[in-house]
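Below: the structure, in structure tokens.
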Amino acid sequence: MILLKNTQKVFNISNRTVRTQIQLLLTAAGYRDWDIGVCLTGDRTVRKLNAQYRGKDKSTDILSFPFAEPIQPGVLPTPRSEDDKNLGDIFISMRYVENWCEEHHVRLEDRLPVLYAHGICHLLGYDHQEDADYAVMKKKENKMLRKLINWQRVLDSQSSSSPSSSPGPTSKP
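When we follow the numbering used here, the leftmost residue of the sequence shown carries the number 8, and every step to the right adds one.
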């Protein structure tokens, strides 16, 4: 189950799109039936969490809080019950991401799936403290994102004639 909480008021985000993208990324990572919490929030919340848990009094784009300690990157302990099938929580500062997108000339709807994949990788024990670890994590993220793009193409082609296709995020006036 994907527990999605959207506490920010700046962007009109399609919950359906977010859930679909995260579910496809979980499937691509090999954790289709696992739970994850996702909070789309603001700089203040992310800065507070970053200071409290990482000792860094500044905002960032995404924070990840794993439920279980991985055995190795990409391998979690075998769950003893359904309740143990929880990857953890990710928090995304939408304002921080918007600023990054403006600086790098990237659309928000293109950046968010990259952050979802990044957060999921952190929940699975991947890290980027060292260059070698970064390369391994980036490879996993790219693999997940390629699968997402391919699956989304299939979904889009199936629903292209449907008037209820959901748009990506847009800024509120």
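Think of the CB as a built atom: it goes at the ideal place given N, C-alpha and C, for glycine as much as any other residue.
What whole-angstrom Cβ distance do Asn-93 and Phe-74 have, given they're in contact under 8 Å? Asn-93 to Phe-74, Cβ: 4 Å. Contact.
My output table needs one value for Lys-12: the three-state DSSP class, helix, strand or coil. Looking at Lys-12 - three-state DSSP - the assignment turns out to be strand.
Three-state class that DSSP yields for Gly-126 in the structure shown: The three-state reading of DSSP puts Gly-126 in helix, counting H, G and I together.
Touch test, the segment 51–61 against the segment 105–115, Cβ-Cβ under 8 Å, three pairs minimum: As far as the Cβ criterion goes, the segment 51–61 does not touch the segment 105–115, which means the pair count is below three.
Residues bridged to Asp-44 (per DSSP): Note that residue 44 corresponds to Gly in the displayed sequence, not to Asp. Beta-bridge pairing links Gly-44 to Leu-10, Asp-96.
Between which two residues does the beta strand (DSSP E) carrying Leu-70 extend? Per DSSP, the unbroken beta strand (DSSP E) holding Leu-70 starts and ends at 69–73.
Could you tell me which residues DSSP puts in a beta bridge with Gln-79? Gln-79 pairs with Val-82.
Taking only the alpha-carbon atoms, compute the straight-line gap between His-112 and Leu-155 and give it to the nearest angstrom. Straight through space, the alpha carbons of Leu-155 and His-112 are spaced by roughly 22 Å.
Segment contact flag, the segment 23–41 with the segment 60–71, C-beta cutoff 8 Å, min 3 pairs: The segment 23–41 is not in contact with the segment 60–71.
With distances taken Cα to Cα, identify the nearest neighbour of Ile-78 among Leu-115, Gly-132, Leu-10. Ile-78 has its Cα closest to that of Gly-132, out of Leu-115, Gly-132, Leu-10.
Smallest Cα separation from Asp-140: which of Pro-80, Arg-87, Ile-127, Lys-16? Among Pro-80, Arg-87, Ile-127, Lys-16, the Cα nearest to that of Asp-140 is on Pro-80.
Is the beta carbon of Asp-64 sitting closer than 8 Å to the one on Tyr-103? Asp-64 places its beta carbon 8 Å or farther from that of Tyr-103.
Using the C-alpha atoms, what's the distance from Arg-160 back to Ser-166? If you take the alpha carbons of Ser-166 and Arg-160, they lie about 10 Å apart.
What residues in its chain sit with their C-beta under 6 Å from that of Asp-134, if we drop five residues either side in the sequence? Here the set comprises Asp-140.
Check whether the Cβ atoms of Gly-62 and Asp-96 sit closer than 8 Å, and answer yes or no. Taking 8 Å as the Cβ cut-off, Gly-62 and Asp-96 do not qualify as a contacting pair.
Alpha carbon of Glu-148 to alpha carbon of Cys-128, nearest angstrom: Going by the C-alpha atoms only, they are around 7 Å apart.
Nearest-angstrom beta carbon gap, Leu-47 and Met-8 [assumed within contact, 8 Å]: Not confirmed; about 17 Å, so no contact.
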